[in-house]
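What follows is a set of notes on a single structure, which appears directly below.
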Amino acid sequence: MGTFDVTPELVRFSPSGYLYAGGAFSSANSAPYSKSIAMWDGAVWNGLGDSSQELNGQVYAMAFGPDGSLYIGGTFSLAGGSTGLNYVAKWTGTAWQPLGTGVNARVRSIAVDSESNVYVAGDFTQAGATTVASIAMWDAGTSTWGAVGSGLGPSAPANVDLAIDSHDHLYVVGAFSTAGGVSANQAAMWDGTSWSALDGGLSNGIPFDLTIDTADQVYVVGSFLSAMDGDSEVANTSYFARWNGDNWQGMSTVFNGGNANAVAIGGRYGAVFVGGSMTSTNPATSALNYVASVQPGPTITSVTPSRVTVDGGTPFAVNGAALKGAYIGITVDGAVPPRDASVSQALFTAETDPHAAGDVTLSFLTPVGTATATITYVAPATITSISPEAGPVGGGNTVTISGTGLTDVTSVDIGGTVATSLTVVSDSQLTVAAPAHVADLSDVVVHSPFGDATSTGAYRFAVAPVVTTVSPSSGSSLGGTAVTIDGANFTGATTVEFGSTLGTVVTVVSDTQLTVLSPAGSGSDVGITVTGPGGSTPSSAAWDYISAPTAPRSLRQTAKAKGSMSFAWLEPASDGGGAISGYTVQYRKHGTSTWTTWATLTSARSVKLRNLSDGVRYDVRVAAQNVQVGTYASITSTTPARPAAPTRVSATVRGAIVTMKWSKAVVRHGGTRTANRIVCVKGSATTQRRFSATATAGRVTVTKGTWSCRVYAYTEAGRGPGSTAKKVRVS
Numbered sequence: 001m002g003t004f005d006v007t008p009e010l011v012r013f014s015p016s017g018y019l020y021a022g023g024a025f026s027s028a029n030s031a032p033y034s035k036s037i038a039m040w041d042g043a044v045w046n047g048l049g050d051s052s053q054e055l056n057g058q059v060y061a062m063a064f065g066p067d068g069s070l071y072i073g074g075t076f077s078l079a080g081g082s083t084g085l086n087y088v089a090k091w092t093g094t095a096w097q098p099l100g101t102g103v104n105a106r107v108r109s110i111a112v113d114s115e116s117n118v119y120v121a122g123d124f125t126q127a128g129a130t131t132v133a134s135i136a137m138w139d140a141g142t143s144t145w146g147a148v149g150s151g152l153g154p155s156a157p158a159n160v161d162l163a164i165d166s167h168d169h170l171y172v173v174g175a176f177s178t179a180g181g182v183s184a185n186q187a188a189m190w191d192g193t194s195w196s197a198l199d200g201g202l203s204n205g206i207p208f209d210l211t212i213d214t215a216d217q218v219y220v221v222g223s224f225l226s227a228m229d230g231d232s233e234v235a236n237t238s239y240f241a242r243w244n245g246d247n248w249q250g251m252s253t254v255f256n257g258g259n260a261n262a263v264a265i266g267g268r269y270g271a272v273f274v275g276g277s278m279t280s281t282n283p284a285t286s287a288l289n290y291v292a293s294v295q296p297g298p299t300i301t302s303v304t305p306s307r308v309t310v311d312g313g314t315p316f317a318v319n320g321a322a323l324k325g326a327y328i329g330i331t332v333d334g335a336v337p338p339r340d341a342s343v344s345q346a347l348f349t350a351e352t353d354p355h356a357a358g359d360v361t362l363s364f365l366t367p368v369g370t371a372t373a374t375i376t377y378v379a380p381a382t383i384t385s386i387s388p389e390a391g392p393v394g395g396g397n398t399v400t401i402s403g404t405g406l407t408d409v410t411s412v413d414i415g416g417t418v419a420t421s422l423t424v425v426s427d428s429q430l431t432v433a434a435p436a437h438v439a440d441l442s443d444v445v446v447h448s449p450f451g452d453a454t455s456t457g458a459y460r461f462a463v464a465p466v467v468t469t470v471s472p473s474s475g476s477s478l479g480g481t482a483v484t485i486d487g488a489n490f491t492g493a494t495t496v497e498f499g500s501t502l503g504t505v506v507t508v509v510s511d512t513q514l515t516v517l518s519p520a521g522s523g524s525d526v527g528i529t530v531t532g533p534g535g536s537t538p539s540s541a542a543w544d545y546i547s548a549p550t551a552p553r554s555l556r557q558t559a560k561a562k563g564s565m566s567f568a569w570l571e572p573a574s575d576g577g578g579a580i581s582g583y584t585v586q587y588r589k590h591g592t593s594t595w596t597t598w599a600t601l602t603s604a605r606s607v608k609l610r611n612l613s614d615g616v617r618y619d620v621r622v623a624a625q626n627v628q629v630g631t632y633a634s635i636t637s638t639t640p641a642r643p644a645a646p647t648r649v650s651a652t653v654r655g656a657i658v659t660m661k662w663s664k665a666v667v668r669h670g671g672t673r674t675a676n677r678i679v680c681v682k683g684s685a686t687t688q689r690r691f692s693a694t695a696t697a698g699r700v701t702v703t704k705g706t707w708s709c710r711v712y713a714y715t716e717a718g719r720g721p722g723s724t725a726k727k728v729r730v731s
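Heads up: the sequence shown runs through residues 1 to 731, numbered per UniProt numbering.
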């Protein structure tokens with residue numbers, strides 16, 4: 001490949017495969033304009049540009065941007081003696097381009113992130129117009145220089161190196177003890193916002209170089225004797241250590257004989273190549289002659305996708321580092337990968353085989369280590385229930401679907417139309433807003449990347465119920481009237497409202513008929529609304545509430561007799577809005593609590609109570625009825641009792657005529673005297689005569705002989721006891 005007058009400081013491969021060398025040489029194999037930097041095209045060395053692009057100083061650092069652009073840093077300040085570069089520049093393909101006004105001293109290292117932002121580190125204290133501490137960033141978006149936190153300290157490091165991982169995290173190693181004010185023992189990371197130390201860092205020597213593998217693991221070499229876990233040394237980390245993102249690790253190969261100065265990753269299997277002054281491994285099993293190849297064990301960073309269908313045939317990828325070295329030891333669920341699998345240092349790809357739901361282990365096995373990851377086979381979604389099972393044709397109502405495997409559902413179809421407002425509540429439940437649809441019985445389909453589920457005829461799009469007839473069309477204001485409603489679209493009906501009040505015990509007989517018990521209420525021409533899955537259609541003037549009648553008027557006693565009383569009344573002032581169907585008559589002995597119903601009359605407005613006790617006060621009440629019993633009218637009356645015996649009785653005889661006088665008999669308990677009677681008895685012969693209720697004297701004609709005569713009083717209850725007997729003799 002030719003000769004250099006001074007050994008190159010560094011070499012780098014471009015993304016397009018060309019090799020670039022940089023350093024303090026005057027020329028590369030005598031190629032024109034190849035001072036300090038040259039490019040090998042596979043056949044010869046070439047300078048970059050012409051004499052106007054030759055640099056006036058050494059190249060210490062090179063890096064390539066995401067678009068393949070070359071960036072360099074060093075001690076140069078000019079290109080071709082006129083173009084001001086100030087220690088950092090970008091090659092455009094034809095000329096060197098400055099990055100603003102550059103920095104004010106040597107650049108020792110350079111790195112470029114995925115957004116083409118350029119990080120530089122070195123001896124400088126100023127970048128553009130910004131004061132910095134040995135590290136700065138060129139913002140590709142604004143074309144300005146900025147500080148990286150408060151930089152590195154306490155002073156410019158004698159050695160510093162940069163590298164950027166796949167997440168644009170900047171790793172820095174070198175002879176510094178602080179980064180952004182954070183204590184960092186020669187190793188730190190900038191995440192775009194803040195600095196953090198890499199655990200206890202690197203001790204007893206200086207790190208010289210670093211590189212990052214495809215798993216974002218950082219390999220560092222130098223003169224240090226150990227990496228630190230806090231205050232403890234990590235075994236097997238002399239001159240060569242790996243940071244795995246959480247802690248430092250020793251490598252399987254430990255060097256003897258001197259420092260490790262440079263590190264790179266390459267080859268088919270992701271080997272780590274190290275160059276330096278080391279001469280053998282420890283224990284001294286292999287002579288190295290200043291360069292070594294170390295094969296790391298495989299590392300897995302991700303599996304994409306990590307969840308697949310049980311049917312198989314899903315392409316998947318395993319990302320990581322040093323994967324190809326494990327190819328002969330790769331297994332998927334214990335089996336050798338399919339023939340169409342492929343593997344590189346950073347990527348393994350294959351298609352899944354059919355498998356039962358559950359986790360499957362991916363294993364990458366090599367003599368120096370094993371890496372495992374999990375891929376999960378996910379069963380298709382299932383549907384176990386849908387609630388409600390019907391809804392309006394206009395849609396918009398919430399439908400809850402229960403089942404399994406619903407976490408991954410991406411959409412739901414009802415009747416072939418996509419439902420909206422999909423909300424996954426849990427793996428066993430989700431909700432959607434039903435779409436608009438014509439009236440029919442529809443399938444419900446949930447779509448999942450792991451398999452769809454269909455519930456056939458599970459949801460009914462319904463039109464609103466319509467009421468045509470109501471029988472009866474009126475009922476008690478107290479509620480409880482059994483009502484039959486005819487109409488259409490009653491299947492699935494859930495409520496019946498009388499005005500705004502819900503009826504009870506709704507029974508759907510068929511799609512055209514239902515029954516319900518009316519609620520309590522008032523008013524006439526009340527609308528009835530049946531609500532079902534399809535909504536509701538109010539019917540107006542469908543129902544009248546009938547109130548209780550008022551009390552009958554003018555309740556009065558019209559007659560009384562032994563063991564009976566008669567009463568009459570007038571119809572109530574108000575029938576409550578319904579025809580009077582009859583009257584209920586009840587009675588009880590005054591002072592008791594239990595009423596006895598004498599009769600329920602259909603239309604008569606009078607009654608005769610019989611079989612009553614004589615001389616007893618009774619409470620009597622009467623209520624009119626329509627669909628309910630109205631207010632009672634009450635009266636208290638006493639049945640008549642027989643009178644006492646007349647008193648102060650006397651008898652005289654003149655000829656055949658007996659004249660008797662008496663004082664009126666006492667009448668008790670509301671009875672009324674109805675008559676008086678003189679009764680004269682002689683043996684078996686009886687002579688008697690009736691007199692008025694008010695009479696106090698009377699005459700009776702008898703035959704010859706001795707007679708025993710008495711006076712009796714009468715009431716509605718009958719004859720009372722006789723008076724004292726008076727003997728009379730007729731000659």
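Glycine included, every Cβ here is placed at the ideal spot set by N, Cα and C.
As a quick exercise: from the options, pick the residue whose alpha carbon is nearest that of residue i.
| i | options | result |
| --- | --- | --- |
| A644 | I37, A322, K608 and V667 | V667 |
| D353 | G313, T374, G334 and A317 | G313 |
| N626 | G563, I546, A697 and D614 | I546 |
| V505 | D191, G527 and T495 | T495 |
| E571 | S606, Y18 and G395 | S606 |
| A520 | Y583, Q628 and S564 | Q628 |
| K562 | V44, T715, A390 and G128 | T715 |
| A215 | A321, G102 and G192 | A321 |
| R689 | K682, V303 and N676 | N676 |
| G369 | T384, I300 and S471 | I300 |
| residue 734 | V103, S116, R106 and L48 | Because the chain in this structure spans residues 1 to 731, residue 734 falls outside the shown range and cannot be described. |
| L478 | F461, R460, G503 and D67 | G503 |
| R621 | I72, T501 and Q586 | Q586 |
| A599 | A623, S613, K589 and G591 | A623 |
| F255 | A292, R242 and S232 | A292 |
Quick one: what's got a C-beta closer than 7 Å to residue i's C-beta in the same chain, skipping five residues either side?
| i | result |
| --- | --- |
| V728 | A651, V653, V658, W707 and C709 |
| A357 | V310, Y377, V378 and A379 |
| I375 | V303, S306, V308, F316, V360 and L362 |
| T512 | D486, G487, A488 and F490 |
| V466 | G487, A488, N489 and T537 |
| G402 | A quick correction: the sequence has Ser, not Gly, at residue 402. Hits under 7 Å: T384, S385, S428 and Q429. |
Does DSSP put residue i in a helix, in a strand, or in coil?
| i | result |
| --- | --- |
| Q53 | helix |
| K90 | strand |
| R689 | strand |
| K661 | strand |
| K324 | helix |
| H669 | coil |
| F13 | strand |
| V424 | strand |
| K704 | coil |
| E351 | strand |
| F176 | coil |
| G297 | coil |
| P207 | strand |
| V393 | coil |
Between which residues of its own chain and residue i is the CB-CB distance below 8 Å, once the five residues before and five after are set aside?
| i | result |
| --- | --- |
| A287 | T279 and S280 |
| residue 733 | The structure shown does not extend to residue 733, since the chain spans only 1 to 731, so no value can be given for it. |
| S442 | I414, G415, G416, G457, A458, Y459, R460 and F461 |
| F64 | R12, S14, P15, L70, Y71 and V112 |
Beta-carbon within less than 6 Å of residue i's beta-carbon, same chain only, minus the 5 sequence neighbours each way: which residues are those?
| i | result |
| --- | --- |
| F348 | V318 and L323 |
| T602 | G582 |
| S344 | K324 |
Notebook entry, point to check: Where are the beta strand (DSSP E) runs, 3 residues long or more, that stay fully inside the stretch 220-277, in chain order?
Noted result: 226-229, 232-234, 240-243, 260-266 and 271-276
Check: Do the stretch 539-550 and the stretch 477-496 meet, that is, are 3 or more Cβ pairs less than 8 Å apart?
Finding: yes
Margin query: Going residue by residue through the UniProt domain "Fibronectin type-III" (551-644), where are the continuous beta strand (DSSP E) segments of at least 3 residues, counting only ones entirely within it?
Written below: 553-561, 564-570, 582-589, 596-601, 606-609, 617-625 and 629-638
Next item on the list: Could you tell me whether the stretch 148-158 touches the stretch 84-99, where touching means 3 or more Cβ pairs closer than 8 Å?
Entry: no
Notebook entry, point to check: Which runs of the beta strand (DSSP E) fall wholly inside the stretch 104-169 and span at least 3 residues, in chain order?
Noted result: 107-112, 118-122, 135-139, 144-147 and 160-164
Notebook entry, point to check: Would you call the stretch 554-561 and the stretch 406-420 touching, i.e. three or more CB-CB distances under 8 Å?
Noted result: no
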